[in-house]
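Q:
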Amino acid sequence: MRLLLATFLLLTTHTPLFAAESNFQVEVDPYVYPLADFSQEDVKAGIISRRVRRPDAIPDKSERDRTFALVPGLEGEIAKMDELDRDILFVRAKTKSLKELTNFYPQLAEKKLAQLMKVARKNNN
Amino acid sequence: MHFLVGFLLFTLAFAGPALAGGVVLMVNMNYSSEELKAAMETAAARGQRVEMVPPREMIKLAEPMFHKRDGLEEELEQKFPPKKSSLPNPAKRQEQNELFAEEQSLRLRSALYGIIRKGSAWNDDPEIANYVSSARKNELFEMYQKVFQQEQKNGDMFEQLRRKAAELKAKGDRVDSLLLSSHSDGSNLTGETSNRLSANELYQLKKEQPALFDSPRHVWLLGCYDMTRPHHQAWRNDLFPNASMIAGFGVKAPSRFDEKSSNYIRQTSAIADRLDREMAAKGKPLDPAYVGNLFKSLSTFTTEAHPGVVDYCYSVVEGQPGAWSHNCEDQWRELYATKDKMEDYISVLAPREDPPSAGGGVLRAFYNTLQLACPAQEAKSERDHWQQSERLRVTTRENVIRLIFWWNVQHNFSAYFDTDILAMNARLSKAGIDPMPQIDGSLSRVEFVNTYYAIRKRLKDNLSLRKDFESLYDPLLLLKGEDSVAAGEKISVPETLKRNAIPFNWIEGTTVMRKR
Numbered sequence: 261m262r263l264l265l266a267t268f269l270l271l272t273t274h275t276p277l278f279a280a281e282s283n284f285q286v287e288v289d290p291y292v293y294p295l296a297d298f299s300q301e302d303v304k305a306g307i308i309s310r311r312v313r314r315p316d317a318i319p320d321k322s323e324r325d326r327t328f329a330l331v332p333g334l335e336g337e338i339a340k341m342d343e344l345d346r347d348i349l350f351v352r353a354k355t356k357s358l359k360e361l362t363n364f365y366p367q368l369a370e371k372k373l374a375q376l377m378k379v380a381r382k383n384n385n
Numbered sequence: 003m004h005f006l007v008g009f010l011l012f013t014l015a016f017a018g019p020a021l022a023g024g025v026v027l028m029v030n031m032n033y034s035s036e037e038l039k040a041a042m043e044t045a046a047a048r049g050q051r052v053e054m055v056p057p058r059e060m061i062k063l064a065e066p067m068f069h070k071r072d073g074l075e076e077e078l079e080q081k082f083p084p085k086k087s088s089l090p091n092p093a094k095r096q097e098q099n100e101l102f103a104e105e106q107s108l109r110l111r112s113a114l115y116g117i118i119r120k121g122s123a124w125n126d127d128p129e130i131a132n133y134v135s136s137a138r139k140n141e142l143f144e145m146y147q148k149v150f151q152q153e154q155k156n157g158d159m160f161e162q163l164r165r166k167a168a169e170l171k172a173k174g175d176r177v178d179s180l181l182l183s184s185h186s187d188g189s190n191l192t193g194e195t196s197n198r199l200s201a202n203e204l205y206q207l208k209k210e211q212p213a214l215f216d217s218p219r220h221v222w223l224l225g226c227y228d229m230t231r232p233h234h235q236a237w238r239n240d241l242f243p244n245a246s247m248i249a250g251f252g253v254k255a256p257s258r259f260d261e262k263s264s265n266y267i268r269q270t271s272a273i274a275d276r277l278d279r280e281m282a283a284k285g286k287p288l289d290p291a292y293v294g295n296l297f298k299s300l301s302t303f304t305t306e307a308h309p310g311v312v313d314y315c316y317s318v319v320e321g322q323p324g325a326w327s328h329n330c331e332d333q334w335r336e337l338y339a340t341k342d343k344m345e346d347y348i349s350v351l352a353p354r355e356d357p358p359s360a361g362g363g364v365l366r367a368f369y370n371t372l373q374l375a376c377p378a379q380e381a382k383s384e385r386d387h388w389q390q391s392e393r394l395r396v397t398t399r400e401n402v403i404r405l406i407f408w409w410n411v412q413h414n415f416s417a418y419f420d421t422d423i424l425a426m427n428a429r430l431s432k433a434g435i436d437p438m439p440q441i442d443g444s445l446s447r448v449e450f451v452n453t454y455y456a457i458r459k460r461l462k463d464n465l466s467l468r469k470d471f472e473s474l475y476d477p478l479l480l481l482k483g484e485d486s487v488a489a490g491e492k493i494s495v496p497e498t499l500k501r502n503a504i505p506f507n508w509i510e511g512t513t514v515m516r517k518r
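Protein sequences appear in the order of chains P and Z. Counting from 1, position 46 in the first sequence corresponds to residue 306 in the numbering used here; the numbering is continuous, with no gaps. Counting from 1, position 75 in the second sequence corresponds to residue 77 in the numbering used here; the numbering is continuous, with no gaps.
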């Protein structure tokens with residue numbers, strides 16, 4: 261399983277010509293795998309660059325629902341929406357202007373949309 | 003709060019006198035006379051009539067065939083019992099016995115379907131073939147042929163339902179209740195003969211005949227899995243938003259020959275009628291606890307083997323804990339199983355199905371399954387590799403959402419890359435290769451992928467052109483999304499495309515960008 265994890269999360273580059281002291285370069289996510297496990301003579305281990313969430317990333321359900329809950333009365337107005345529609349609303353709230361949002365969701369109160377935009381952008385995970 | 007929304011939708015759709023009249027429409031894909039009888043009793047009590055699709059006369063033709071088939075199956079089970087394990091360890095012995103039973107069940111089922119399809123010509127399993135006389139085999143074969151031939155004449159379920167909806171509309175009949183009786187994987191409906199009704203067809207039908215879906219007060223989904231959470235959500239939100247009641251079962255639904263199934267229709271319809279009347283009289287939503295207790299008092303609702311699940315005005319009542327919301331492990335098991343089924347859509351090598359043009363159909367249901375599955379850390383089966391499982395969820399949802407909106411994505415792709423596509427076409431023509439068909443928002447994805455590989459194959463000796471071709475079309479081929487970028491990396495459309503991903507806002511139905 262550890263091997264699978266490594267395969268999944270590491271970038272491995274074979275560099276035989278220029279790296280006399282190390283034949284392999286490995287980039288490790290230290291939150292997933294300890295860097296020390298790769299410290300061998302012919303392996304140059306480095307830390308994989310920190311990742312940052314894109315504002316247009318689809319949210320996890322819990323993150324999205326937490327955000328929606330911060331807008332009083334919103335849940336009742338979006339009860340008909342399924343997961344897909346809710347996720348799209350969430351991403352749009354983070355990336356579109358209020359004018360665009362009101363065009364997309366004329367059935368939702370502008371005040372609630374403005375509030376949603378604010379909390380969604382504030383809680384940028 | 004959901005309850006209030008349900009109430010508002012209900013009152014808007016069925017204000018006052020609309021509670022009376024209308025017809026009960028039964029989609030009876032396995033020709034159940036018992037369930038039809040229950041529907042007719044329900045309708046009679048309300049002064050309504052029942053309409054059935056396929057035609058009611060089919061029951062006389064099909065049900066004797068099913069009884070004959072099931073009788074033979076029982077006989078074969080007696081005559082050919084499964085092997086018995088001789089392992090000394092009791093746990094291992096039980097495990098092996100279960101395996102033997104499953105193998106034997108599959109063997110008998112395969113024999114039965116062989117006989118039904120080929121009659122006395124079937125000889126795939128000589129031991130069973132020799133046991134069943136040729137006359138019996140041919141009798142079953144002929145009965146099945148008659149049903150099959152009549153089904154061919156009736157046309158497919160989609161066409162029959164479309165015709166029925168048009169006919170009811172022309173007569174001014176409102177569908178007050180709808181029963182869907184079939185086998186189901188939660189979204190696609192199948193019969194035991196040739197009757198099929200896919201989720202995509204249901205979404206298409208909703209687009210063409212919205213009244214069929216918007217008018218029913220009560221909906222029964224009598225197949226397996228229909229009322230497990232992700233599927234229920236699709237039925238409720240996407241197909242029947244106005245119904246006061248959607249009733250069905252969680253994982254396992256009872257057989258149509260089990261009287262529980264028909265009694266379930268009788269009992270739930272009586273309760274739903276009562277609740278509708280009370281709600282209309284009070285003019286406000288009913289207490290969810292009161293509603294829950296009424297359904298839980300029904301004998302057919304709380305059985306261990308087939309617990310019911312009812313959604314009354316968006317409030318869900320489970321006959322047994324977990325009937326609606328699977329346990330965490332089952333949710334992940336279902337997620338993987340559904341993902342496998344979606345391969346015909348998702349594949350980047352050889353997709354066989356185009357994304358549905360309206361609503362998202364089964365892909366949308368799959369997306370909901372993905373997002374509704376519990377955190378992987380909470381599922382025993384995922385715990386030791388939960389990061390991978392969550393990663394799979396993230397990459398799949400980013401991919402599937404772009405697939406659902408394939409038609410918009412390709413439209414925005416063509417708008418943005420207009421000049422590049424023309425230039426590439428000119429270079430391909432010069433190299434004697436037919437260019438990509440026009441990408442204008444209506445190109446089949448199956449055709450796009452097939453053409454992509456055909457062109458790439460022809461470019462095997464022209465590496466420079468091949469590299470440019472791939473760098474232009476790979477994002478559209480892969481339909482990847484980025485949820486994150488390495489710190490310091492740019493988040494812009496050109497950079498996103500360079501990493502072979504499609505910007506999220508290309509799923510929008512409007513042109514979001516000018517050509518680059």
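Note that the Cβ used here is the ideal one computed from N, Cα and C, for glycine as well.
Measure the alpha-carbon distance for R346 (chain P) versus R429 (chain Z) and round it to whole angstroms.
A: Rounded to the nearest angstrom, the two C-alpha atoms are 43 Å apart.
Q: Which residue comes first and which comes last in the beta strand (DSSP E) that contains F284 (chain P)?
A: Start and end: F284 to V288.
Q: Rounded to a whole number of angstroms, what is the C-alpha to C-alpha distance between E500 (chain Z) and S473 (chain Z)?
A: Looking at the sequence provided, one finds Lys at residue 500 (chain Z) rather than Glu. Taking the straight line joining both Cα atoms gives about 8 Å.
Q: Find the residues of chain P that neighbour A488 (chain Z), judging by a C-beta separation of less than 9 Å, and give them in chain order.
A: Residues of chain P passing the Cβ test: I308, S309, R310, R311 and V312.
Q: Is the beta carbon of F160 (chain Z) closer than 8 Å to that of L207 (chain Z)?
A: Result yes, Cβ atoms of L207 (chain Z) and F160 (chain Z) sit closer than 8 Å.
Q: Please check the pair D216 (chain Z) and N244 (chain Z), which I expect to be a contact at CB under 8 Å, by giving their CB distance rounded to whole angstroms.
A: The Cβ separation is near 5 Å, so the contact holds.
Q: By Cβ distance, which residues of its chain are closer than 6 Å to V26 (chain Z), with the 5 residues on each side in sequence left out?
A: Excluding positions up to five away in sequence, the list reads A41, A45, Q50, V52 and S179.
Q: Mind listing, in chain order, the continuous alpha helix (DSSP H) runs of no fewer than 4 residues lying wholly within the segment 46-90 of chain Z?
A: Segments of the alpha helix (DSSP H) lying fully in the segment 46-90 of chain Z: 60-81.
Q: Which residue wins for smallest C-alpha separation from I435 (chain Z), given the options Z:A103, Z:H413, Z:R458 and Z:V448?
A: Out of Z:A103, Z:H413, Z:R458 and Z:V448, Z:R458 has the C-alpha closest to the C-alpha of I435 (chain Z).
Q: To the nearest angstrom, how far is it from the Cα of A353 (chain P) to the Cα of A249 (chain Z)?
A: A353 (chain P) and A249 (chain Z): Cα-Cα distance of roughly 35 Å.
Q: So is I267 (chain Z) in contact with chain P if we call contact Cβ pairs under 8 Å?
A: Chain P, which has no Cβ nearer than 8 Å to the Cβ of I267 (chain Z), makes this no.
Q: Give the straight-line distance between the Cα atoms of K340 (chain P) and W408 (chain Z), rounded to the nearest whole angstrom.
A: Answer to the nearest angstrom: the Cα atoms are 24 Å apart.
Q: For E370 (chain P), which residues of its own chain have a beta-carbon under 8 Å away from its beta-carbon, when the five flanking residues on both sides are left out?
A: Counting only Cβ-Cβ distances below 8 Å, and skipping sequence neighbours, we find L358 and T362.
Q: Using DSSP with H/G/I as helix, E/B as strand and the rest coil, what is T512 (chain Z)?
A: It is coil, neither helix nor strand.
Q: If you measure from the beta carbon of T327 (chain P) to each beta carbon in chain Z, is any gap under 8 Å?
A: Not an interface residue.
Q: Where DSSP assigns a beta bridge to I248 (chain Z), which residues make up the other side?
A: Answer is Z:V221 and Z:D313, bridged to I248 (chain Z).
Q: For M42 (chain Z), verify whether its CB is less than 7 Å away from any heavy atom of the ligand FMN.
A: Among the components modelled here there is no ligand, and therefore nothing to report on the ligand FMN.
Q: Roughly how many angstroms lie between the CA atoms of D356 (chain Z) and N283 (chain P), to the nearest whole one?
A: Between D356 (chain Z) and N283 (chain P), the C-alpha separation is close to 45 Å.
Q: So L337 (chain Z) and L372 (chain Z) are in contact, right, with Cβ under 8 Å, and what is the actual spacing, rounded?
A: The Cβ separation is near 6 Å, so the contact holds.
Q: Quick check on E380 (chain Z): does DSSP put it in helix, strand or coil?
A: In this structure, E380 (chain Z) counts as helix in the three-state DSSP scheme.
Q: Locate the alpha helix (DSSP H) running through R335 (chain Z), then write down its first and last residues.
A: Run containing R335 (chain Z): C330 to K343, per the alpha helix (DSSP H) assignment.
Q: Taking the runs of the alpha helix (DSSP H) that are 4 residues or longer, which of them lie wholly in the segment 370-428 of chain Z?
A: Here the runs fully enclosed are 388-406 and 408-418.
Q: Around the C-beta of L163 (chain Z), are 16 or more other C-beta atoms found within 10 angstroms, so that it is buried, or is it exposed?
A: L163 (chain Z) is buried by the Cβ-count criterion.
Q: I'd like to check one pair, V149 (chain Z) with M67 (chain Z): are the Cβ atoms closer than 8 Å?
A: The answer is yes: Cβ separation under 8 Å.
Q: In whole angstroms, give me the CA-to-CA distance for D289 (chain P) and A305 (chain P).
A: Roughly 11 Å between the two C-alpha positions.
Q: Exposed or buried, K382 (chain P), counting other C-beta atoms within 10 Å across all chains shown (16 or more means buried)?
A: When all chains shown are included, K382 (chain P) counts as exposed.
Q: Could you give the distance in angstroms between the alpha-carbon of P287 (chain Z) and the alpha-carbon of A339 (chain Z)?
A: Rounded to the nearest angstrom, the two C-alpha atoms are 38 Å apart.
Q: Taking C-beta pairs closer than 7 Å, name the residues in chain P that R399 (chain Z) reaches, listed in chain order.
A: Ordered by position in chain P, the residues that pass the 7 Å Cβ test against R399 (chain Z) are I318.
Q: Which class does K462 (chain Z) belong to by DSSP, given the choice of helix, strand or coil?
A: Three-state result, K462 (chain Z): coil.
Q: Using a C-beta cutoff of 8 Å, does F278 (chain P) count as contacting chain Z?
A: With a pLDDT of only 44 at F278 (chain P), under the threshold of 50, the placement of this residue in the model should not be trusted; the figure read from the coordinates follows. Judged by the 8 Å Cβ criterion, F278 (chain P) is not in contact with chain Z.
Q: If you pair each beta-carbon of the segment 28-36 of chain Z with each one of the segment 194-209 of chain Z, do three or more pairs fall below 8 Å?
A: Short answer: they touch.
Q: Is there a Cβ of chain P sitting closer than 8 Å to that of A236 (chain Z), yes or no?
A: It does: the Cβ of A236 (chain Z) has a partner Cβ on chain P nearer than 8 Å.
Q: Counting only the same chain and skipping the five closest in sequence on each side, list residues whose C-beta sits under 6 Å from that of R518 (chain Z).
A: Same-chain partners within the cutoff: Y418.
Q: Quick one: which residues of the segment 451-471 of chain Z get their C-beta closer than 9 Å to a C-beta of chain P? List them in chain order.
A: Listed by position, the residues of the segment 451-471 of chain Z near chain P (Cβ gap below 9 Å) amount to none.
Q: Listed in chain order, which residues of the segment 503-516 of chain Z have Cβ atoms closer than 8 Å to some Cβ of chain P?
A: So the close ones are P505, F506, N507 and I509.
Q: Could you name the residues of the segment 224-250 of chain Z whose beta carbon sits closer than 7 Å to any beta carbon of chain P, in the order they occur along the chain?
A: Cβ contacts with chain P: Q235, A236, N239, D240 and P243.
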